[in-house]
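**Student:** Have a look at this one.
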Amino acid sequence: QPPGHPPRPVHPDIPDGVRESLAEAEACFSASAWNASVVMARRALEGAAMLLGAPRRGNLVVWLHEQGHVTKVVLVYADHVRWVGTLGAHFPDEGQKDEHVVLEDDARAAFDFMHMILETIFVAKARLDRLRITKGATQ
30 QPPGHPPRPV
40 HPDIPDGVRE
50 SLAEAEACFS
60 ASAWNASVVM
70 ARRALEGAAM
80 LLGAPRRGNL
90 VVWLHEQGHV
100 TKVVLVYADH
110 VRWVGTLGAH
120 FPDEGQKDEH
130 VVLEDDARAA
140 FDFMHMILET
150 IFVAKARLDR
160 LRITKGATQ
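For the sequence shown, counting from 1, position 47 maps to 76 in our numbering; every step adds exactly one.
Structure representation (structure tokens):
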């Protein structure tokens, strides 16, 4: 989405705190604030992991995979969000500015991946639960 474009809606099945972080990330993206946007996307990822019971310390992305919340393929996308969020959060060392800058493409990929990850973790599960209730399934 070009700068100034309205943010993409965040699905209501995504828990409040995670949804708010992602919405703020989208607002930063719409303002072309790439660093801020990827930091907030990473915060949304952290929030999702914490709501699922992840420990405060350690690699939350790996934890999500080890606990079966994301597949190995989705793990790669989540790790990109983690990596680019770290890149946006930390000031580069002297002489590393060009390699340590978050670009629009980085931020756009982080959002696409975050929406996919949150769809996998929260939205698809809620949809399946509703279908099971409707159909009377117990599994």
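All residues carry an ideal CB built from backbone N, CA and C; glycine is no exception.
Because the structure is a prediction, the values reported are computed rather than measured.
Leaving out five residues before and five after V131 in sequence, what residues of the same chain have Cβ atoms less than 7 Å from its Cβ?
**Tutor:** Correct list, in chain order: W63, N64, V67, V113, L116 and G117.
**Student:** Is DSSP giving D134 helix, strand or coil here?
**Tutor:** Three-state DSSP puts D134 in a helix.
**Student:** What does the Cβ neighbour count give for R85, buried or exposed, with the cut at 16 atoms within 10 Å?
**Tutor:** The residue in question, R85, is exposed, as its Cβ has fewer than 16 Cβ neighbours within 10 Å.
**Student:** Could you tell me whether the region 85-102 touches the region 155-164, where touching means 3 or more Cβ pairs closer than 8 Å?
**Tutor:** No: the two stretches stay apart, fewer than three of their Cβ pairs being nearer than 8 Å.
**Student:** Count the other CB atoms within 10 Å of the CB of L160; is the residue buried (16 or more) or exposed (fewer)?
**Tutor:** The residue is exposed, with fewer than 16 neighbouring Cβ atoms inside 10 Å.
**Student:** Could you name the residues of the same chain whose beta carbon sits closer than 7 Å to that of H98, not counting the 5 residues immediately before and after it, in chain order?
**Tutor:** Counting only Cβ-Cβ distances below 7 Å, and skipping sequence neighbours, we find L81 and I150.
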